[in-house]
Amino acid sequence: MKGISSYLLLILLLVINTKGFSQQKTQVKWLTVEQMDKLYTKSPKKILWKVYSKDCHYCHDFEEKVLKIPAIATYINQNYYPVLLDAFDASPVTFAGHTYESKDKMNPMATHLLKGTIKFPTLVFVDEQLKMLNFLQGYYEAPNIEMVLHYFGDNAYKTVSWNDFQANFAKKK
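Laid out in structure tokens, this is it:
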């Protein structure tokens, strides 16, 4: 009897440990501008910029409560080069052969991407030809972010209006 209970305890411990490993959080694999530039040069792909501030409570919540949802993180990693950009890092940024210099205390790439409209967090969607498609400013719930990610990531924006896409996306879920 003692052997059976030891054996069951061992199995229980193995199941618990295995379950713990399988539930590791899927996270967005954020890149620096330099890392993304190297990857983009080899293989162009859509870019998702997350412009944030270290002191922004909404930025932190958005990352933890929305962008770490496994389906969202996995989709971002597969369909975009995700770049994390601190809006208050004023260091020069070189991307696609162009160096962006700061004219104030803002990150020069953030200034370029946000075009003077500063609100955090901001997601900026850029296509494979480096054309800015659109941006979302502020905290959005997961279903809304997932829909926008798919709209641009699946190239639906090229053939379907946003309103039609929204209606059909909601039906699929």
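Every position in the sequence shown, counted from 1, becomes a number in the working numbering once 1381 is added. Even glycine gets a Cβ: it sits at the ideal position worked out from N, Cα and C.
Worksheet entry | Through-space distance from Y1521 to V1409, alpha-carbon basis | 17 Å
- Measure the beta-carbon distance from V1464 to L1511 and round it to whole angstroms, keeping in mind my assumption that it falls under 8 Å. Actually they are not in contact, since the Cβ atoms of V1464 and L1511 sit about 13 Å apart, beyond 8 Å.
Residues that DSSP places opposite T1480 in a beta bridge = T1475
Note to self: Let's test the definition: count the other Cβ atoms within 10 Å of the Cβ of S1403 and tell me whether it reaches 16, buried, or not, exposed.
What the structure shows: Model confidence at S1403 stands at a pLDDT of 41, short of 50, so the residue's coordinates are unreliable and nothing is read from them.
* Measure the CB-CB distance between A1477 and D1418 and report whether it falls below 8 Å. => It is a contact, given that the beta carbons lie within the stated cut-off.
Touch test, the segment 1495 to 1515 against the segment 1417 to 1432, Cβ-Cβ under 8 Å, three pairs minimum: yes
#### Entry: Exposed unless 16 or more other CB atoms sit within 10 angstroms - verdict on A1468
buried
Simplified DSSP state of A1551, which is helix, strand or coil:
helix
Of the choices K1553, V1541, T1540, E1509, whose alpha-carbon is the least far from that of E1527?
The shortest Cα separation from E1527 among K1553, V1541, T1540, E1509 belongs to K1553.
Q. Looking only at C-alpha atoms, which of F1533, S1542, Q1547 sits nearest to Y1462?
A. F1533
Of the residues T1540, E1415, G1497, the one placed nearest T1480, counting alpha carbons only
E1415
Worksheet entry | Coarse secondary structure for F1516, derived from DSSP in three states | strand
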